[in-house]
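Everything on this sheet refers to the single structure shown next.
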Amino acid sequence: MRSDGGRHWASGAVFLVTVAFLYVPIAVLIGLSFNASGLPTSWGGFTTGWYDRLFANDEILSAFRNTLIVAVCATAISVVIGTLLAFGLERTVRSRVLDAGSFVPMVIPDIVLAIALLSFYNLVFTQWMGVRLGLWSVILGHAVFGIAFVSAIVRTRLRHFDDSTVEASMDLGATELQTFRHVTLPQIAPGVIAGALVAFTLSLDEFVIAFFTAGTEVTFPIQVYSMVRFGVTPEINAAATIVVGFSLVLMLVAVRLRGQEDTA
Amino acid sequence: MRSARQIARRGLQLGPALTWWTVLLVVPVGLILAYSLFRRGTYGGVVYELTLDNFERVVDPIYLKVLWFSVRVALEATVVALLVGYPTAWFIATRPKRWRTFLLVLVVLPFWTSLLIRTYAWMVLLNDEGLINNTLESIGLIGSPLSLLYNEFAIVLGLVYGYLPLMVLPLYAAIERLGPDLREAAQDLGASGWRAFLTVTLPLTRSGVWAGCLFVFVPSLGNFIVPDLLGGGRSQMIGNLIQVQFLKARDWPFGATVALAVIALMTVVLLIQAWMNARDRREEVPGAV
Amino acid sequence: MTMIRTTRMRGRLATIAAAGAMATGLAACGSEIEEPATSAGATTAAAEAEAPGTEKGTLTISNWDAYTPEGLIPAFEKATGIKVKMAKHATNEEIMGKLDAADGAGYDLVFVSGPFAQALHKRGWAAPIDESKVPNLKNLYPEATELGYDPGNQYSVPYTWGTTGLCYRSDLVSEKPDSWNDLLDPADDVKGKTTMLATDRWLLLPALKQLGYSANTTDEGELEEARDLLLKTKDTLLAYDDTTFYSKLVSGEASLVEAWDGWCNYGIAENDDIEFVVPKEGADLWVDAMVVLESSPNKDAAYEFINWVLRPDSGASVVELLTYKVPNKAAMDELDPALVEQFPNLGMDPAELLQQESLQDLGDGQPTWSRIVTEITS
Chain A
4 MRSDGGRHWA SGAVFLVTVA FLYVPIAVLI GLSFNASGLP TSWGGFTTGW
54 YDRLFANDEI LSAFRNTLIV AVCATAISVV IGTLLAFGLE RTVRSRVLDA
104 GSFVPMVIPD IVLAIALLSF YNLVFTQWMG VRLGLWSVIL GHAVFGIAFV
154 SAIVRTRLRH FDDSTVEASM DLGATELQTF RHVTLPQIAP GVIAGALVAF
204 TLSLDEFVIA FFTAGTEVTF PIQVYSMVRF GVTPEINAAA TIVVGFSLVL
254 MLVAVRLRGQ EDTA
Chain B
-12 MRSARQIARR GLQLGPALTW WTVLLVVPVG LILAYSLFRR GTYGGVVYEL
38 TLDNFERVVD PIYLKVLWFS VRVALEATVV ALLVGYPTAW FIATRPKRWR
88 TFLLVLVVLP FWTSLLIRTY AWMVLLNDEG LINNTLESIG LIGSPLSLLY
138 NEFAIVLGLV YGYLPLMVLP LYAAIERLGP DLREAAQDLG ASGWRAFLTV
188 TLPLTRSGVW AGCLFVFVPS LGNFIVPDLL GGGRSQMIGN LIQVQFLKAR
238 DWPFGATVAL AVIALMTVVL LIQAWMNARD RREEVPGAV
Chain C
449 MTMIRTTRMR GRLATIAAAG AMATGLAACG SEIEEPATSA GATTAAAEAE
499 APGTEKGTLT ISNWDAYTPE GLIPAFEKAT GIKVKMAKHA TNEEIMGKLD
549 AADGAGYDLV FVSGPFAQAL HKRGWAAPID ESKVPNLKNL YPEATELGYD
599 PGNQYSVPYT WGTTGLCYRS DLVSEKPDSW NDLLDPADDV KGKTTMLATD
649 RWLLLPALKQ LGYSANTTDE GELEEARDLL LKTKDTLLAY DDTTFYSKLV
699 SGEASLVEAW DGWCNYGIAE NDDIEFVVPK EGADLWVDAM VVLESSPNKD
749 AAYEFINWVL RPDSGASVVE LLTYKVPNKA AMDELDPALV EQFPNLGMDP
799 AELLQQESLQ DLGDGQPTWS RIVTEITS
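In order, the protein sequence lines correspond to chains A, B and C. The opening position of the first sequence corresponds to residue 4 in our numbering, with each subsequent residue numbered one higher. The opening position of the second sequence corresponds to residue -12 in our numbering, with each subsequent residue numbered one higher. The opening position of the third sequence corresponds to residue 449 in our numbering, with each subsequent residue numbered one higher.
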C-alpha cells in the first residue's frame, strides 16, 4: 500500500533533477576529455589522444593509485573506530561534552589540522624517529575526521534502535557476539555503509591535509591542484572520466551480485 | 559501582577514538592554536612573546564582515542542500532494498572525481558564453546572457554541488530506518500525507537532518576553492581568510586566532545541539513501533 | 523461515565483507608504513649516514607543475647518475607553508619566487651557493646578479624572470592600452571584460604604480590609497584570476587582463591577436629562483643540478618549451629569431627589465598587505 501519497512522485522528480544536476558537469568533463583543443573554451575536434597520453603518464596513474590506497585505509580505520565510538556515545555513556566533542574534528579548519599534523609529525617522526612521511601519515590525518563522520552517521542509526530485538536474541540464548553479528549489525548496516561512503568520498578528494603531510608522495588531488596552472588539462578530464566509468561498472556488478544473493 | 565488564566495554568503544583524537588532534592543533598568544616574526615564524594583540585584531569590522558573509552563504547552501537532499534521500530509501546502495553510489559517484575539476566544468557551463547561456539564448528564453558566474549565486551553487552527498547520506541512514510501517501508522491515526510527514517522519529523522546540515554547513564555511573560482575571487569567506593568514601572510599567530574564533563559535553550536539531544533522549520512548 | 535465512545470510555476508575489507585495508596500510622507512635516498637523518662516502643519493626537488622542460631531468639523471624526485607545488605560499611547518626540512632544492627566497634566507633555511661548484653561473647576464631580493645571488640562483603587464586582444579593444589606468578605469567597451591577478603582490601592483609608489611599500597611507583605487576598479572587473585569464582572452570572455609576460605567451600561442605591453608607469621584476635548503644532505648534488640548468641548451629548452625569459645569457643568445618574432616579450633587453622594480619580501609589512587585500576582495 502506497501510504506516501502524493509525495511519492514528487520525490522521484526531485531525484531525477538532482541526478541530472550532479551529472551535467560530469558530462562536460567527459566531453572535454575528447576535445582536441587543449582549452575548455573551444572545441577542436574529437580525439582519444588524451587517453593515450594519460595511460603513458605514470605520474597521474601512480597518484591515483596512492589516493585509492589512502582512501581505503582511512575508511577502514574510520569505520571500525567510528562505529565503536557511536556505540559508546549512544549506549554506554551519556555525556553532553563527549557528544559535542565527537563533532569537533569536523569543525577544525583543514589548513590548521594540516599544519598542526605536519609540525607534529616533524617533531615526533622525522626528527626523533627518522621516519619519512608518506601515504601512512596522510591516512592517519584522514582518519581523524573520518572517525567523526562515521560516528555521527552510525549514531543516527542507533538513536532509535529497537533494543527489544537484542533482548529477544539474548533471551533465546545467543552470545553477545552472535547477537551483534546477526541482529545489531544488519540493522545498523545502512548507517555503516553510508558512513563508509562519506569517509571514502572525503578522503578521495582531500587536498590540504594530503599536500602537507604526504612528504614527497603525490595523491590525485595534489596532482590535480598542482596542474591548476593551465586550468584543467584534457588528460585530467580523461582520468576523471575513467574514474566515473570504472566506479559505475563496479557498482553495476555489485548490484547484480546482490540480486543473485537475494534470490539464492 | 560499574562492573569490570562495563568498564572494559567503555574502554573498547571509546578508547580507540579518544586516543586517536588526543594524539593526532588535540595535542597538535592545541599547540597551533596556542600560537594565538604570540607574535609573528618579521619573515614568518613565531616570536614567543605573550600578547593579546591578535584578539584585538580579530574583532575588526572587516573580519566580521567576512564572517557574516561566510555564515550567510553557508546557511544558504545548507538550506538548498536540505531541500534538495531530503526528497532525494527519501526516494532512495523507499526503493527496493537491493537498489538502494546502487542509487546511493550513483549520487555519490560524481564526488569521487576531483571537486576542482568539476568546479572548472561549472565555469565552462556558467560563463556568459557558456553552454547554459548559449542554450537559453538559442531557444529564445533570454535576450542577453544571464550573469551566472563570479557572484553569490555561483558560490552557493558550487557549495551545494560540492557537499550534496554529505547531506544525502546521513538523511538516507535516518529515513531508511523508519520503514513503511511507521508512515502507515501515522496515516492510520488520521494524519494526511503531509501532516504525517511533518509531525511524525520529520521529527524522527531529526538527527539525520542535523547531521546533514552540519556536514554541509561546516565545510562550506571553510571552503576556499569555490569562492576563488566560481566567485571570481570577489568575495572572501572564512576559509580563504584562514588560508591567507597561514600561507600568504605567514602570520600563524593571527591565523590561529581566527581559527580559534571559528572553532569556538562552532563548538557553542555543537554544545547547544548536544543539550537538545540529551533532552530528546529523556523524552522519547525507545524502540516505539 | 525465509526471512530468518536471508537475515542470517546477509549478516554473514556483511561480516565476511567487513572482515575482508578490514584485513586487506590494514594489510595495505601496514605495508605502506614499512615502505617509506626502508626506501633509499631519503632526506632525513637516517639517510645522512648513507650520503658521505657512498654513491650519490636522490635529489628531492619541489617545483611548479610542467615548469621544467620535459627532457631536462632525464638528461641530468643520465649524465650524472643522480636520481631526481620531483614534488609539486601550485603556489609559493604552499611550499613555504610546508617548509615552515617542517622547520625548513623535507627537500634538497626548491623553486620559489624571489621574495620567498629572501624569506627562506632570513629564516635560516637557505644554504649559501657554493660558486666553485656551479661554474655555469658565468652564463648569467650581469644584470641577473644584481637582483634586489638577493644581490650577488648568494643563496639563490635565478631560473626564469619577467615582468607583469597588460595582455589584451588587439581585435577586441578600440585603442591599444599603454597605461595601468586602462585597466583600473577601463573604457566602456572593455568594462566587465577585464581581470586582475589575485595574488596580493600583483593585485596591488597596478594601483601602486599608477599612484607612483613602490611595489614593496609598507606605508599604510600609500596602501590605503591603492586600496581605495582598487575598490573602484572592482565594480568594472569580471573576476580576479591567477590561472585561467589567458584562456578567457582566447575565448573572448575577457578583452584586457593583467598578466605575467610568460603567461601572456600561452595566450599568444593560441590566438595571435593577443598582444602584451608593459604599462608606461612601470611594473615589477619577478624572478623564479632555485634555492638549496640548509637541511639538505645532498647539497653537492643540488649544486650539480643548478649547474646543469644553467647550461645554454637547458636554458634554451626552457625558453622554447615554456615561452618564459631566462636570465641565462648563453641560452638567450642562441635563441631562434622566429621565436622572438612570435613572442615579442622574449626579446626584452635585460637592461630594460631591470628598470622595473624587483619584488622583495615585505617583512613586517606583510600582515598589513594581507589585510588591505582582504578589504578589497571581500
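A virtual CB, placed ideally from N, CA and C, is assigned to each residue, including glycine.
What's the call for residue i, buried or exposed, on a 16-neighbour Cβ count within 10 Å?
i: F249(A); result: exposed
i: P785(C); result: exposed
i: T219(A); result: buried
i: V134(A); result: buried
i: I126(B); result: exposed
i: K728(C); result: exposed
i: G17(B); result: exposed
i: Q(-7)(B); result: exposed
i: K696(C); result: buried
i: D102(A); result: buried
i: K641(C); result: buried
i: D636(C); result: exposed
i: Q230(B); result: buried
i: G149(B); result: buried
i: A21(B); result: exposed
What residues in its chain sit with their C-beta under 7 Å from that of residue i, if we drop five residues either side in the sequence?
i: R82(B); result: L90
i: D238(B); result: R27 and Q232
Determine which residues share a DSSP beta bridge with residue i and list them.
i: W46(A); result: Answer is none; W46(A) lacks a bridge partner.
i: C615(C); result: V705(C) and F724(C)
i: W7(B); result: Bridge partners of W7(B): none, in fact.
i: E805(C); result: D732(C)
i: A687(C); result: T643(C)
i: F559(C); result: M738(C)
i: N38(A); result: F49(A)
i: R649(C); result: Paired residues: none, contrary to the question.
i: T172(A); result: Reading the sequence as shown, one finds Ser at residue 172(A) and not Thr. Answer is none; S172(A) lacks a bridge partner.
Which value, in whole angstroms, describes the spacing of the CA atoms of residue i and residue j?
i: R759(C); j: F524(C); result: 11 Å
i: R221(B); j: I49(B); result: 14 Å
i: T528(C); j: F564(C); result: 29 Å
i: N664(C); j: Y54(A); result: 46 Å
i: G48(A); j: I29(A); result: 19 Å
i: S101(B); j: K536(C); result: 17 Å
i: E723(C); j: I716(C); result: 7 Å
i: D812(C); j: A567(C); result: 12 Å
i: F42(B); j: M154(B); result: 34 Å
i: F58(A); j: Q0(B); result: 45 Å
i: G613(C); j: T691(C); result: 15 Å
i: L69(B); j: V196(B); result: 8 Å
i: I119(B); j: L103(B); result: 20 Å
i: K639(C); j: D676(C); result: 18 Å
i: G198(A); j: S561(C); result: 43 Å
i: T38(B); j: S65(A); result: 47 Å
Ordered along the chain, which non-local residues of its own chain (more than five positions away) have a Cβ less than 6 Å from that of residue i?
i: R160(A); result: I191 and G194
i: I142(A); result: V73, C76 and A77
i: L88(A); result: S154
i: E670(C); result: Y661
i: D689(C); result: T643
i: T681(C); result: L632
Could you check how far apart the C-beta atoms of residue i and residue j are, in whole angstroms? I think they sit under 8 Å.
i: N601(C); j: I577(C); result: 6 Å
i: L547(C); j: F753(C); result: Their Cβ separation, rounded to whole angstroms, is 18 Å, which puts L547(C) and F753(C) out of contact at 8 Å.
i: T192(B); j: L234(B); result: Actually they do not touch by this definition, with Cβ atoms about 40 Å apart.
i: L557(C); j: V767(C); result: Incorrect: roughly 21 Å between the Cβ atoms, too far for contact.
i: L42(A); j: V532(C); result: So it is not a contact: roughly 31 Å between Cβ atoms.
i: T182(A); j: S172(A); result: 4 Å
i: P320(B); j: I84(A); result: Residue 320(B) falls outside the range modelled here, since chain B spans only -12 to 276, and no answer is possible.
Can you list, in chain order, the residues of its chain whose CB lies under 8 Å from that of residue i, leaving out five sequence neighbours each side?
i: V94(B); result: T75, I79, L151, P152 and V155
i: S6(A); result: Its pLDDT being 43, under 50, S6(A) is placed unreliably in this model, and the coordinates cannot settle the point.
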